[in-house]
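Going down the list, the sequences are from chains P and C.
Start counting the first sequence at 0; every next residue gets the next number (numbering that gives the first Met the number 0).
Start counting the second sequence at 0; every next residue gets the next number (numbering that gives the first Met the number 0).
There are 2 protein chains.
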Amino acid sequence: MTSHAPTTQRAAQKQESKNRLLRVASRTLRKLGSTKLSINDVSAQAGLTHGAFYAHFKNKKDLLRQAFHAAFDHRDTWLATASAPTPKQRKAQLIANYLTPEHRDHPENGCAFAACAHDIAKAGAEEKSAFETELKTSLARVEELLSEAKLGAKSREKSENEKAEAINLISTCVGAILLSRAVEDPHFSQSILTAARDISGAPNKGK
Amino acid sequence: MTSHAPTTQRAAQKQESKNRLLRVASRTLRKLGSTKLSINDVSAQAGLTHGAFYAHFKNKKDLLRQAFHAAFDHRDTWLATASAPTPKQRKAQLIANYLTPEHRDHPENGCAFAACAHDIAKAGAEEKSAFETELKTSLARVEELLSEAKLGAKSREKSENEKAEAINLISTCVGAILLSRAVEDPHFSQSILTAARDISGAPNKGK
DNA sequence: AGTTTCATATGATAATTATCATATGAAATA
DNA sequence: TATTTCATATGATAATTATCATATGAAACT
Numbered sequence: 000m001t002s003h004a005p006t007t008q009r010a011a012q013k014q015e016s017k018n019r020l021l022r023v024a025s026r027t028l029r030k031l032g033s034t035k036l037s038i039n040d041v042s043a044q045a046g047l048t049h050g051a052f053y054a055h056f057k058n059k060k061d062l063l064r065q066a067f068h069a070a071f072d073h074r075d076t077w078l079a080t081a082s083a084p085t086p087k088q089r090k091a092q093l094i095a096n097y098l099t100p101e102h103r104d105h106p107e108n109g110c111a112f113a114a115c116a117h118d119i120a121k122a123g124a125e126e127k128s129a130f131e132t133e134l135k136t137s138l139a140r141v142e143e144l145l146s147e148a149k150l151g152a153k154s155r156e157k158s159e160n161e162k163a164e165a166i167n168l169i170s171t172c173v174g175a176i177l178l179s180r181a182v183e184d185p186h187f188s189q190s191i192l193t194a195a196r197d198i199s200g201a202p203n204k205g206k
Numbered sequence: 000m001t002s003h004a005p006t007t008q009r010a011a012q013k014q015e016s017k018n019r020l021l022r023v024a025s026r027t028l029r030k031l032g033s034t035k036l037s038i039n040d041v042s043a044q045a046g047l048t049h050g051a052f053y054a055h056f057k058n059k060k061d062l063l064r065q066a067f068h069a070a071f072d073h074r075d076t077w078l079a080t081a082s083a084p085t086p087k088q089r090k091a092q093l094i095a096n097y098l099t100p101e102h103r104d105h106p107e108n109g110c111a112f113a114a115c116a117h118d119i120a121k122a123g124a125e126e127k128s129a130f131e132t133e134l135k136t137s138l139a140r141v142e143e144l145l146s147e148a149k150l151g152a153k154s155r156e157k158s159e160n161e162k163a164e165a166i167n168l169i170s171t172c173v174g175a176i177l178l179s180r181a182v183e184d185p186h187f188s189q190s191i192l193t194a195a196r197d198i199s200g201a202p203n204k205g206k
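Shown next as structure tokens:
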């Protein structure tokens, strides 16, 4: 039996409660940040009282750790949108599907790098290591999508270039979405999103 | 007489106290964020008690507003580092002088866009408007540095391109510095900074 | 059925924090 | 010098919050 297939009814109920707590926490973490995430609120939104919380998590830090991990629920969906035949096209797809108004307006469902980088930067080594692991995972996936195909053993230098390209892609996406969320004028906000999409694949756009 | 030249000794002393409060708050805001900035701590670090605080600021929100504005103290210094003859070189300078280990390790002296975007995104319309104003100011300065010279009236399309280029420059810088602060491994962190610098001016680096 | 287990609830505690009312003592002014 | 002003300090209050001790009631097991 796996941890996802509890035997008794009570265990199943407990697992569901924990799942609800984690889902609420993962969304609240991205929307409000770790400091404004309150165990009272999360528990209440999950349909529990604050006392029940400690039957599921050791403490707030424990919750935050698991909630952060759960916050990568939509990474695969995003990566799957990059389905075009060429690397350049796939890069443009990744950027275009990241820098959307929906993503900007709903951080609770969005990228955990953008939502949590600031929090994690102020946290401890454990949190940074967890962030690093997730970031490396995403980078590896993006690098694949930016590479021509199963690249042979010859192109070592090119792979280095692709590494930097993948990092820059994520840096630009994270920076742009954060800036777009921090301004008031919707048109200006949109122009921040659009700027990255415009330059994405083609440095000399129309020509 | 300006607001910086108080007449009486008491007024001067009060101004100095407010300056200390603002300086401490501006640094704390960038280092810890608005939520973890406590009026007690800021007042104490400025050599005052918490009670004295309210003789200088209406409330915490008022302090945060002024502290955010004060957090752009080093913008001119940064922009002045872009002194090379060509736009491409100046772009590379801006990026290289932003994405440094010192900047990464000392957010309290660094870019307020990177330090506060996350906070402001969760704040109200007033805060977003203030952020927007500062961002537009920086963008205008960067656009100048990225343009060939006093561009004549002819190049309208080019100016649009430069607008997007300036936005992307700041997006990438903000994203990269935030990511570099959120990972544990110093080498990996460095590679995040370096990636943007490498690609900065020259898409085909060494060739 | 009787007993045990345990998921959740209730209630309490301690810490932090923003804010304000009032006190104090020194500078400004008459 | 006497009086007023006011920059700062002291002390109090109310709200929020993390955490834990204990209670409860239903499921699980004998």
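All C-beta atoms, glycine included, are put in the ideal place defined by N, C-alpha and C.
Computed from a predicted structure; not experimentally measured.
Could you pull out every unbroken beta strand (DSSP E) segment of at least 3 residues lying fully inside the stretch 100 to 176 of chain C, listed in chain order?
none
Using a Cβ-Cβ distance under 8 Å, would D40(C) count as near chain P?
If you number the second sequence from 1, residue 40(C) lands on position 41. Closer than 8 Å: no.
- [ ] Could you tell me how far apart the beta carbons of D118(P) and S33(P) are, in whole angstroms, since I believe they sit closer than 8 Å?
- [x] Against the first sequence, residue 118(P) aligns to sequence position 119. Against the first sequence, residue 33(P) aligns to sequence position 34. Sure, about 5 Å apart at Cβ, within 8 Å.
If the criterion is Cβ atoms closer than 8 Å, does the pair A66(P) and L21(P) meet it? Numbered from 1 along the first sequence, position 67 holds the residue referred to as residue 66(P). Numbered from 1 along the first sequence, position 22 holds the residue referred to as residue 21(P). The answer is yes: Cβ separation under 8 Å.
Length of the line joining the Cα atoms of H68(P) and V182(C): Here the question's residue 68(P) lines up with position 69 in the first sequence. Here the question's residue 182(C) lines up with position 183 in the second sequence. One C-alpha to the other measures close to 15 Å.
Is it the case that the stretch 130 to 141 of chain P contacts the stretch 128 to 138 of chain C, given that we only count it when at least three CB pairs across the two stretches are under 8 Å?
no
- Task: Would you decide whether E147(P) is buried or exposed? Buried here means 16 or more other CB atoms lie within 10 Å of its CB.
- Result: Counted from its first residue, the first sequence places residue 147(P) at position 148. By the 10 Å Cβ count, E147(P) comes out exposed.
* Asked: Got a sec: is the Cβ-Cβ distance from N96(C) to anything in chain P below 8 Å?
  -> Working through the second sequence from its first residue, we reach residue 96(C) at position 97. N96(C) does not count as touching chain P.
* Would you please verify whether the beta carbon of R74(C) is less than 8 Å from any beta carbon of chain P? => Sequence index remark: in the second sequence, residue 74(C) carries index 75 (1-based). Chain P, which has no Cβ nearer than 8 Å to the Cβ of R74(C), makes this no.
Length of the line joining the Cα atoms of R89(C) and S16(P): Walking along the second sequence from the start, residue 89(C) turns up at place 90. Walking along the first sequence from the start, residue 16(P) turns up at place 17. Spanning the two alpha carbons is a distance of roughly 55 Å.
Check: Do you know offhand how far C110(P)'s Cα is from P100(P)'s?
Finding: Locating residue 110(P) in the first sequence gives position 111, where the first residue counts as 1. Locating residue 100(P) in the first sequence gives position 101, where the first residue counts as 1. Taking the straight line joining both Cα atoms gives about 13 Å.
**OP:** Leaving aside the five residues before and after E164(P) along the sequence, list all residues of the same chain whose C-beta is less than 7 Å from its C-beta, in chain order.
**Re:** Indexing the first sequence from 1 puts residue 164(P) at position 165. So the qualifying residues of the chain are L145.
What span of residues does the alpha helix (DSSP H) with F56(P) cover, start to end? For this step, residue 56(P) is matched to residue 57 along the first sequence. No alpha helix (DSSP H) contains F56(P), which DSSP labels as neither H nor E.
* To do: Report buried or exposed for T48(P), applying the criterion of at least 16 other Cβ atoms within 10 angstroms of its Cβ.
  => Reading the first sequence from its first residue, position 49 is the one you call residue 48(P). It counts as exposed.
Check: Is it true that the CB of G174(P) sits closer than 8 Å to the CB of V141(C)?
Finding: By 1-based counting over the second sequence, the position of residue 141(C) is 142. By 1-based counting over the first sequence, the position of residue 174(P) is 175. For V141(C) and G174(P), no; Cβs fall outside 8 Å.
Kindly list the residues whose CB is nearer than 7 Å to the CB of I166(C), restricted to its own chain and excluding five residues on each side of it in sequence; keep chain order.
-> One-based indexing of the second sequence puts residue 166(C) at position 167. Result list for I166(C): L138, in chain order.
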